[in-house]
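Single-structure report; data block below.
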Amino acid sequence: MSDLGDLQPKPQRSALNRKDITRRLKRAGGVTQRHARRFILRRINSVRLVTGEIITWLAVVGILVATLGLQQTWGNVSAYMQGGYRSGGVYAEGIVGSLDTLNPLLASNEAEASAARLMFSSLYHYDATGALHADVASSMTIRDSKIYTVTLRDATWQDGHALTADDVVYTIGLIKNPQTRSPLRVNWTDAVVKKINQHTVEFTLPTVYAAFPHALTFPIVPKHLLQNVEPSVLRESSFSQNPIGSGPFKFRRLQTAGLSNASKVLQLVPHTEYYNTTPRVSRFELRAYTDDAAFTKAIKNSEVTGAVSAPAALAHSKRPSQYRVISEPLNKGVYLLFNTRNPVLQDKTVRQALQLATDTAAIRQAVGGGVQTLDGPILHSMFSSGEVPRASKPNTEKSAQLLDSAGWKIKNGSRHKGDQELKLTITTTNSSQYSKIIDTVKRQWNAVGVSIDVNQVDTNSAVSNFVQGVLQPRDFDVLLYELALGADPDVYAYWHSSQASATGYNFSNYSNQLSDAALASARTRLESN
2 MSDLGDLQPK PQRSALNRKD ITRRLKRAGG VTQRHARRFI LRRINSVRLV TGEIITWLAV
62 VGILVATLGL QQTWGNVSAY MQGGYRSGGV YAEGIVGSLD TLNPLLASNE AEASAARLMF
122 SSLYHYDATG ALHADVASSM TIRDSKIYTV TLRDATWQDG HALTADDVVY TIGLIKNPQT
182 RSPLRVNWTD AVVKKINQHT VEFTLPTVYA AFPHALTFPI VPKHLLQNVE PSVLRESSFS
242 QNPIGSGPFK FRRLQTAGLS NASKVLQLVP HTEYYNTTPR VSRFELRAYT DDAAFTKAIK
302 NSEVTGAVSA PAALAHSKRP SQYRVISEPL NKGVYLLFNT RNPVLQDKTV RQALQLATDT
362 AAIRQAVGGG VQTLDGPILH SMFSSGEVPR ASKPNTEKSA QLLDSAGWKI KNGSRHKGDQ
422 ELKLTITTTN SSQYSKIIDT VKRQWNAVGV SIDVNQVDTN SAVSNFVQGV LQPRDFDVLL
482 YELALGADPD VYAYWHSSQA SATGYNFSNY SNQLSDAALA SARTRLESN
């Protein structure tokens, strides 16, 4: 999130009062007048025959003397002034996404996740650089590489109740319950958690998992408010629209429609009993916009103080002058994922041909530039040392040769194998940035004879459900989708064959015994490098 610290400079003047300043100004004016009478007016008769240039020069000298007098006076005043900051004010942050729920366990998009981080605490959290730090946790010990004991600091919920180990254990129970339908469930299916005392909780893993501390960034919810709510109706509960957390901000109201271009505006105020530094702003507004067009308009109209993930073209060229861009590499990337259960894409040669036909540099340029390089399953930033593996360079000629060798021959401008046309559908969500990506990919694949259809799902529509209708049944040929990899380079969830299920995140249905072994082994290695 954007820096919520001091926002507005407030100069602090010295104790020098108005009478002192006025007296000094009059004194400077008197000095100027005496100099003028002595050196200019009394000798005016002797210069009547001198050219106009000298008169002009004398006038300049008079002005200069007066200016120097004023400058000295104000210089004395400004020497006692210094820059500072004042608390208060409203910070309005813009973001693309919906705010359908404020329950952090059900957050399914960037807007809802941002709201969760503002209102709720975690055992651990990431700082602005992506480093992991303790939040509600005060310490952690590890035994046998599989048992993690976490001690909690003193913290309170925004209704005054104490946050305890009971809340942590209850939260994990909710996440693991399939009726809750939490996106976080995949991380907790096999872990066992128990309360040791009011301020201590223990996690036991079935096997060594080196990246487990990163899993402790889950939001904690209050047991005393939710224990009587059935997990199956958690989304419809009043808590999901009027939450109480333990984070730096607390809920004030959620406004819908009719406010500028934002579909919803979440208003938050500081949690004055927050265990860490209390925010300095009087109010925080999270303005959620339905699409990039509305978001861009809001930025250009200065409706927001800051913007998360601003459209690339706006961030790097057409932004209003009062904004400055802060670019930080994110641990996520947008991928074209091949469904390997598709009969055409089961052929490795076809997949290789499509990769060679794809120019990722041209795609980055199409969305406005300034996008970090991504041409493989793992981000470059995740490699601390050594050579970064890179994909083969685009080569349309070789791509065409591979398609020929796979039996897909050019016929009337497109490729066919017998009577079957080589046609694929790219499925994604409704986003102007994704539209630019698809347009570029479509041209590149068309160039080697592959026909493309496009299916962009409107996630804001009441009749569409992208997760249940597209992701879970793997109802796509090629999926354009963003994968959040996290700070630890553990991609087990996206590429291990055990995750190629309706509840898993292996959207490509990729299966390879060697890869499975490597992914599982990497989770058990505890080396720091």
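In terms of the working numbering, the sequence shown has 134 at position 133, counting the first letter as 1, and numbering is strictly consecutive. Note that the Cβ used here is the ideal one computed from N, Cα and C, for glycine as well.
What does the Cβ neighbour count give for residue i, buried or exposed, with the cut at 16 atoms within 10 Å?
i    : result
I148 : exposed
T57  : Here the model assigns T57 a pLDDT of 32, short of 50, so the residue's position is not dependable, and the following value carries that caveat. That one is exposed.
L515 : exposed
H134 : exposed
V468 : exposed
Y360 : Here residue 360 is Asp; the residue named in the question, Tyr, does not match the sequence. Per the 10 Å Cβ criterion, buried.
R325 : exposed
K224 : buried
G131 : exposed
V234 : exposed
Q159 : buried
A503 : exposed
N188 : buried
E94  : buried
D440 : exposed
A367 : buried
Thinking just about the alpha-carbon of each residue, which of the options is nearest to the one in residue i?
i    : options                : result
E422 : S88, Y171, S452, I143  : S452
Q445 : S498, A358, S433, F508 : A358
Q457 : N447, Q473, F477       : F477
L124 : S146, R144, S109, D155 : D155
H381 : P490, E94, S146, T150  : P490
Y275 : H162, T150, T430, A299 : H162
D376 : K399, V368, Y336, L403 : Y336
Using only the alpha-carbon positions, how far apart do residue i and residue j sit?
i    : j    : result
A295 : S99  : 13 Å
L480 : T426 : 9 Å
T172 : I221 : 6 Å
Y493 : G89  : 45 Å
V91  : L346 : 52 Å
G470 : V266 : 28 Å
L206 : Q268 : 39 Å
H497 : D517 : 5 Å
K251 : L106 : 17 Å
A129 : T350 : 42 Å
N104 : P184 : 12 Å
S122 : D136 : 7 Å
S509 : A519 : 18 Å
Q9   : R281 : Bear in mind that a pLDDT of 32 at Q9, under 50, signals an unreliable position, so the number given afterwards is only what the model happens to contain. For Q9 and R281, the distance between alpha carbons rounds to 10 Å.
L255 : S140 : 36 Å
T341 : S499 : 15 Å
Y511 : A501 : 7 Å
T181 : T278 : 33 Å
Is the number of C-beta pairs between the stretch 272-286 and the stretch 107-116 that are closer than 8 Å three or more? no
Take every Cβ of the stretch 208-216, pair it with every Cβ of the stretch 233-241, and state whether three or more of those distances are shorter than 8 Å. no
Take every Cβ of the stretch 330-343, pair it with every Cβ of the stretch 477-485, and state whether three or more of those distances are shorter than 8 Å. yes
Is the stretch 301-310 touching the stretch 400-410, taking contact as three or more C-beta pairs under 8 Å? no
Would you call the stretch 159-166 and the stretch 189-202 touching, i.e. three or more CB-CB distances under 8 Å? yes
Does the contact criterion of 3 or more C-beta pairs under 8 Å hold for the stretch 430-438 versus the stretch 393-408? no
What residue ranges within the stretch 89-163 form continuous beta strand (DSSP E) runs of no fewer than 3 residues, ordered along the chain? 91-97, 125-127, 133-135, 138-144, 148-153
What are the complete beta strand (DSSP E) segments, minimum 3 residues, inside the stretch 443-510? 452-458, 479-485
Write down every uninterrupted run of the beta strand (DSSP E) in the stretch 173-223 whose length is 3 residues or greater and which is fully enclosed by it, in chain order. 193-198, 201-205
Which full runs of the beta strand (DSSP E) of 3+ residues lie inside the stretch 238-312, going along the chain? 250-260, 263-271, 284-290
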